[in-house]
Every structure is written in C-alpha cells, then in structure tokens.
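In what follows, a structure is listed as structure tokens, so that the remarks can point back to it.
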C-alpha cells in the first residue's frame, strides 16, 4: 500500500504543508524514518529530532509546522491522526473465516460463518460467536459465552461460562475473564467458599491487555463499559464496574464492588480498595492506594519519593515519629506563643 | 431445585422468622431479589435496602431480624449461612467422568475412572489423578504430578513436574504451579542459573485464583497448607510456606523462603520480602511492604494517604526533609528548654 | 550419577578440605543433607546449622572452612559453585527431538531436526526454531517468530508474530511476548487504538519467569539484552530496553520507552514510569516507585515502614500535614533566632 501525503491528510482531516504528492508507504520514528515514511511529533522533548529527521513527512501541530524542515500533515490532534494513518498503512491481520481442523467446537455452539477459530481452541456448548469474530489458538471459551461481531481473542485466553463480550473487543493472550471472585466466609476458623453466581458483561470497543484477570460477580455481574482500555496484568475483582472510556495502566488492582466512573485515567500499579465510588474524570497517579470514595474530578496521588537508600532510611525511620513530631511542634508553638504573650 | 425456607434454615442450623413454607429457588441481592429469591444482610451499609427489599427471605443476624419487614433466616453467621444456601441452590458443575478424545494422556499416567479430562489437556508420564478430579481444557500437567480426589483445575493451568496437589482444591485459569524459583548466582558479572530442584506441596481445600504463580522450591518444597485461599495474580516464590487457613488477596507477592503463619489475612498488593517469619493471626493491610519478621498477632500497615496531587506534591517533597526536620525540632526543644532553665 | 568430592571441586575450580574421595549423589540443605549429599553455606544466618550438619560435604568460603566439622569444597564464590555442582548432579531434562503428533505446525515453518515440539503446541507460518530448541505443550508461536538454538519455552506460552528470541533462553509457563503495547489516542472523548508495529527482540541466555508479559514496540522494538533475568509476573511495556546482566524480581512493572542500564538489580514490586533512563549498576529496593531518570550507580529506595496499624494511622494522617509542619518549623526557628538576636 502506498499513499500520497494528500490522501493521508484527507484521511485525518488534516492539512498538508510541503509536497502533497510525496509517496508514503509506512510509519517510523522521527529518528529513523526515511523519505518513504511518515512520523509524528507530539512530545516536545522529541522536537529537536525534527530538525534532522529524514522522514518523508511528519504529523504535527500547526505551531510545530511553522519551522518544520520536512513535509508536514498539520493536525489539531497529531497523535490521533498518527493512529489512523498507521492503521491505514499497516492494517490489522484479517483472519480467514473457518474453524481450524484441530479446534474443538461443541455442536451446540452458534458460530457465524464469517468467524474464525484457531488451532486447538476449545468452544463449549451454547457459545455464540458473532460475525467476523476470532477465537485464536489455545483459547478456552466455556459454556454459553457470547462473543460479539468483530471481537478478537488472540490466543491462550480463557472465558468462563455465561460471560458476555461485546463487539470489536481486542483481548490479548493470557487474559482470564469470569474466573470466580474471591468470596470466602469464615466459620469456626475454616474458610467456606461463597459460590460466585454472577457473570462478566463487557461492552463494545474494549481492549484488554495480556494476563489481565476480570472476575465474575458474586451475585450480579462485573461490568466493563464501552471503550474501556485495560493494560496488562490488571486485576478486576467481582462486581467492579468500570465506566465508559476509562483507561487503566498495567498492574493496577481494583477490589470488589468498587464503581469507577467514566473517562477516568488510572495509572499503573494503583490499588483501589473495595466498595468505593470513583467519580467521572478522575486521574490517579502511579502506585497510589485509593482507600476512600472520590467524589470530585481531579488528579490524586499517594506515595513517597525515590531517594538514595542511605538518606531514605533516615527519613523512613522518622515517618514512625511523625505523630510525635507533630505534637512536639504544637507544644513548642504554644510555649513560644505564651512567652510572647507574657512579654518574655 | 426448590426449597422451603424451613428446609434452608435447617441446612444452616438457623431459625426462621416469618413464613417458613415460603418457596425459594435462587439467590439475589437485597436490591434485586424477588419473592422466590433469598438474599443476605451482613454489611450495615446495606441495612437501608432491607426496608424496601422484595426478597422472599433474607439471611441476617437476630438483631437485624427484629425490625425486618421480610421473612428471615436468623443465623449467628449470616455470610457463612448464605454461602451454604447458595451452594445448595446453585450447585457447582458436575463433570462427566472420562477423557476428552482430544486430550493427550501419557499411557503411564494413573487416571481414576471417575476423573474427567477436558479437550486439549496434556497429561504427561507418571501423573496421578484422583477420584472425581478434573483437569480442564488446555491444562498442561507435567511428569509425576499428583492431583488428589475432587480437585478441579479449571482451564489453561500449568503444573510442572513432581508437584503434589491435595484434595478438593479449586484452581482457576492461568495458574502456574511449580515453575522454577528465581535463583541466580552472579559470577564475574554473569548470572548463572541455580537449578530449582524442590517441588510444590499443596494441601487440601485450597483455592488458587486466576494467573497466580507458585514457584517450586530451590532444594526443598514450597508449601501451601490446608484451606489456604489465594486470590488472583499472587506471586509465591520458592520455599515460601503459607500456614493453614490463611487468606491472601489479589496481587500480593511473597519473596523466597518466607514463612507465613496460620489464620493470617494478607490484603491485596502487599509485598513480603524474603527469609521472614510471620506469626499466626497476623493481618496486613493493602499495599504494605513487610520488611521484617512479625512475631506478634495483630494488624499491620504501611503507606501514605491519597491526596489531591497538588497537595501531595508539597508533602512528598517534605518527606525527603523529614530527618532534617526531626533534628531541627530536637534543637528547638533544647534551645527553649535551656532558655526556660536559664530563666529567660 | 555419582561424583567424588575431588571431581566436584575440580568442576568449580575449588579446593577440597577433608575426604576428597567422598562420594556425592545429590544436593540438599545443610539441615537435611545426609552423607551422600552436598550442601552450601553463603548466608551467615545458616552458619550455626553447619555444626550439626550430616552433609557429605559443604561448599563454603575459606573463612567458614577453618572451623568446619564436615568435608568442604572451598570456593571464592560458594553460591556460583553450588549452582554448577547442582546442575552437574541434577541435569536439566533433555527433550527428545521431534514434533508431537498433536502439535499443529504450519508447513512453512523451519524446524531444526533436533528441535522438540510438545503436545498441542501451535506453530504458525514462517516460524523458525533453532537447534535443540524446545516449544512445550500448549505454546502458541505466531507468524514469523524466530527462536534460537537451545531455547526452551516450557508450556502454555504465547509469542506474537515477528518476535525474535535468542539462544539458550528459558521461558516459563504463561509468559506472553509481543502482545500489543498500551497505545491509545484520545479524540473527542473516545479512545482510538494506536497500532503497535514494532516487535520484541530478546538476546541470549535470558530467563523469563511465569506469567511475565513483554509487549511489542509501538514502532521500533522492545529490547531485552543478553543474560537478563526476569522473575514472575513482571510487566515490560512497549519500547522498554533492559540492559545486559540486569536482574528484576517479581511483579515489577516498567512503563513505556524506559531504558534500564546493564548490571542493574531491581527488586520486586518496583514501578518505573515511562520515558526514563536508568544508569548501569543501579539497585532499586522493593516496592519503590521510580519517577525520574537515575544518572548515577547506587542503591535507591522509596516507601514507608510497616507499623502496627493503630500507630500507622496516626502517622499517616500527619503525612498530609507535612508541608504545613515544615513551614511552622521554619517560622519557629525564625522566631527563636530573632529573639536570640534581640537578646531576649
């Protein structure tokens, strides 16, 4: 596939500055692009690479284009424009419709004739697989799961019984959807299992990163709304609800029954305890622990800064004395203030 | 299946308040239950939902039952009673005995005739599978593994050679048992692998959550005692020992050779460094790091509170000055005290 | 296999103290070794076990050997010597060359005749598998992946298209290599996928722990250099580069485009944010968050100490007052200093 710069600009409603007939075949970084490649500039720290870039063209803002030495596609949202152009130049793999001879498909499953099932995949009874959906090699899709049109389950994914996955999902290897939530009741020193009877309900246009786990609900469903984006190794406990257009980075964990709003951005390694409500448009920075509901949009953080270990050791010991220090500070203030009042 | 309230109460040694002939077919939440469903009340924050609940009956404490507008099963432990009633009303799937034609079972394996092996599962030489045990689709059970009666390995689980799994285990998808522990010796700037020659020994009535990993021992075994409950994505390093009836929430990691006592409750995302001993009945709250042995039962915590990022930034910068602040506070106290002594 | 102490000492360029003709068949711990077994002593806390050890021999330093009551192999690096002797006494499993009849190998794949492919493994088109390489049961190796000589992929591993794995790698179950990096562009409140067009390039002598994930690059490759050692459940985001001989413990996560130097030691549960550079020979202690580049070798830490929860609660509340406390401390110092200057 080969496109002129003009064609690419039209594809993203952008504007060409420079040679609009320039032919582009692929994408590359500013640093390594050649004359047949297009790159993008969004992060100001890469601006100095623009001066020496050999790229055929670069997608950038109008401001950056003013002094650009190379052909530009000017866009109000260069990163989104790049995403669309990259998808045009390097389209995702199309799977051939059909069931691999080594897949194990229960005769009661409803498989659209345009769907694709990979080698060794297991499709249990009552499963429904929509138009152009793909279940890749090694996936296990248990009873009565519904997978919507154009959803792709890449490989080695497990979806437990009765879960529902919407359309245009992209689910990466090792993901587990619908394993039992962690429900244990203590009786006389012995843990008794609490049956996990809900399911998982996933909307449309959701992406789920490698080895992420989403547990089934205890009674009602765990819910992932439309256009949620989950990175790798995230843990979503039973009866969590994640609002539409929320993005969560790797290794974050969300405990049971917590509801996260729409358009939130949760960074990596964040912990969110159970039974909380997080408002829409909340951002939480990396490695924070959220222990209470967040009612107001905004950015939240917790944690202590990295230091050379020798200094850190001294400071961390003082952390244990903080309450004592605060009380002593109060006392000193009172002493001084009474001295001042008494005219000393 | 349909039970009268009376039958259900007897099943859990509870007492009916209200219509004991009321017929129950399934469980539901307080909010969504209808007249054929039973719910439970344990968390006081849900008490207001009781007033308007349409449930056929609710399992609750004697105190809550006093003003209950709906039929009640009174129990001293409503959550455990709920667990038993839910299991009665929604019994776990029974697997048909036998080996799926697409499973790969080595002829030297000993498979009980009541055991069940799913599609595409791989059972290597010398494996032993007990009465009514289940190895689900996509599981790989390597040489000489022993799996006890009634244990269920759901799907896509890997158990490495020579590990031993007791009876009535429930192991969720993506779990890896018996991969090599992280043993590396440094010689002249090069890492050399330290062979991991121990195994993993898992007791009875253990539940292991999705994508949890339990490494084999370096020389002796990693040990998980009876009735331990592990949530998803937990990492258990080589030669860890986890005492009976301990429960650990998601994404916690335990480093090598640490011994955890019985009846501990470790919250999510906790880290426990290696070579420690944790006493019985210890609770550790979410996201704490345990760096020393804990000799006394009780609840332990670490970490800093979530704040709006703007305020947090100011406080976190001060963390680096804590030792300095403590010293300055000491100095001020001395100055003031000497002033006071000198009669100023 | 049986070796004399003399033979074992020669194998590790060590020196025998005691009966060099003593026969050794296997390794064991100091505590449980019998007269046919060899153990090692490196951690001083185990020194008291030496006195009562029944071991046939123990690998130790010259200093420890002075008072050793048992036969010794004296080594300058007892742990590395142990690793080599353990590997000699308990050699890793050799896989029989050949393709299991239930594996699915695309005819266009290039499989060395000494390579081994396990039951149910899936090898897609264009894959190349080197001399004595092993792809274990349940692995899915997607299009055009190259796996070098003597690399072992144990079981249930997924390698996405076009990734390159060097020689003598050891990759544990559940690992996912080459899943899409987390690239999402926001446009008008909707996330748009950014195609992930790079690959993963892994050097020689790398070990990767169970359920670790290494994402493919956005444009260029994610790179893991030679002799890197990764523990379980590590998350390596797109375009990360990890320098040779760096070791990383379990559950650590590294965000996109960060470059880690050579010979670093990153402990467990560490988070490293994106677009940083970490120098060679940096150590980061457990559970720290690294938010800025580290330009100097050394040891770095973050976090707060574990305390009984009741005390911790008081201290953690004060954390929110730290900036205020610091300002009040400054003010007190000024007041006292002006008092002193004014002769009060």
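Residue numbers (the numbering used here), protein chains in the order written: chain A, 580 to 923; chain B, 580 to 923; chain W, 580 to 923.
All residues carry an ideal CB built from backbone N, CA and C; glycine is no exception.
Only a predicted model underlies this, so the values are computations on that prediction, with no experimental measurement involved.
Given 8 Å, three or more beta-carbon pairs between the region 734–744 of chain B and the region 773–783 of chain B: Verdict: yes, contact present.
Beta-carbon spacing of residue 700 of chain A, residue 682 of chain A below 8 Å: yes
Every unbroken beta strand (DSSP E) inside the region 677–720 of chain A [3 residues or more]: none
For residue 845 of chain B, the nearest candidate out of B:854, B:814, B:818 (CA to CA): B:814
Where the beta strand (DSSP E) through residue 552 of chain W begins and ends: Only positions 580 to 923 of chain W appear in the structure, and residue 552 of chain W is not among them; the question remains open.
Interface residues of chain A facing residue 606 of chain B [CB-CB closer than 7 Å]: 776, 798
Residue 874 of chain A, DSSP secondary structure in three states: coil
For residue 714 of chain W and residue 600 of chain A, the rounded distance between their alpha carbons: 48 Å
Sufficient close CB pairs (3 or more, under 8 Å) joining the region 684–693 of chain A to the region 653–666 of chain B: no
From B:725, B:659, B:762, residue whose alpha carbon lies closest to that of residue 690 of chain B: B:725
8 Å Cβ cutoff, residue 808 of chain A in contact with chain W: yes
Alpha-carbon spacing of residue 748 of chain W relative to residue 655 of chain A, whole angstroms: 45 Å
Where residue 748 of chain A meets chain B, residues with beta-carbon distance less than 9 Å: Per Cβ cutoff of 9 Å: no residues; residue 748 of chain A is ~18 Å from chain B at best.
Test item: CB-CB of residue 757 of chain W and residue 795 of chain W under 8 Å: yes
Check whether residue 798 of chain W and residue 750 of chain W have beta carbons under 8 Å apart: no
Beta-carbon neighbours of residue 908 of chain W, restricted to chain D and to distances below 8 Å: The structure shown contains no chain D; its protein chains are A, B and W.
CB of residue 868 of chain B within 8 Å of CB of residue 868 of chain A, strictly: The answer is no: Cβ separation not under 8 Å.
Within chain W, the residues that residue 812 of chain A reaches when beta carbons sit closer than 7 Å: What residue 812 of chain A touches in chain W: 792, 812, 814.
Cβ contact (3+ pairs, closer than 8 Å) linking the region 854–870 of chain B and the region 833–841 of chain B: By the criterion of at least three beta-carbon pairs nearer than 8 Å, the region 854–870 of chain B is in contact with the region 833–841 of chain B.
Between the CA atoms of residue 640 of chain A and residue 657 of chain A - distance to the nearest angstrom: Using only the alpha carbons, I get a separation of about 6 Å.
8 Å contact criterion, which residue 828 of chain B and residue 816 of chain B should meet: CB distance rounded: A Cβ-Cβ separation of about 17 Å leaves residue 828 of chain B out of contact with residue 816 of chain B under the 8 Å criterion.
Residues bridged to residue 786 of chain W [DSSP beta-bridge criterion]: For residue 786 of chain W, the beta-bridge partners assigned by DSSP are W:749, W:808.
CB of residue 861 of chain A within 8 Å of CB of residue 876 of chain A, strictly: yes
For residue 662 of chain B and residue 764 of chain A, believed in contact at Cβ under 8 Å, the rounded distance: 4 Å
Closer than 8 Å to chain W by CB, residue 763 of chain B: yes
Chain B within 8 Å of residue 884 of chain A, Cβ atoms only: yes
Three-state secondary structure (DSSP) of residue 634 of chain W: DSSP places residue 634 of chain W in coil when its eight states are reduced to three.
Residues, ordered as in the chain, of the region 649–663 of chain A that lie near chain W by beta-carbon distance below 8 Å: 656, 658, 659, 661, 662, 663
Residue environment, residue 790 of chain W, which counts as buried when at least 16 other CB atoms sit within 10 Å: It counts as buried.
Span of the beta strand (DSSP E) around residue 780 of chain B: 779–781
Residue-level contact to chain W via CB, residue 636 of chain A, 8 Å cutoff: It does not; no Cβ of chain W falls within 8 Å.
8 Å Cβ cutoff, residue 723 of chain W in contact with chain B: no
Where the beta strand (DSSP E) through residue 763 of chain W begins and ends: Residue 763 of chain W -> beta strand (DSSP E) spans 763–766.
7 Å CB neighbourhood of residue 719 of chain B in its chain, flanking five on each side removed: 701, 737
Rounded straight-line distance, which links the Cα of residue 618 of chain B to that of residue 660 of chain B: 11 Å
Contact set for residue 776 of chain W: own chain, Cβ-Cβ below 6 Å, skip 5 residues either direction: 798
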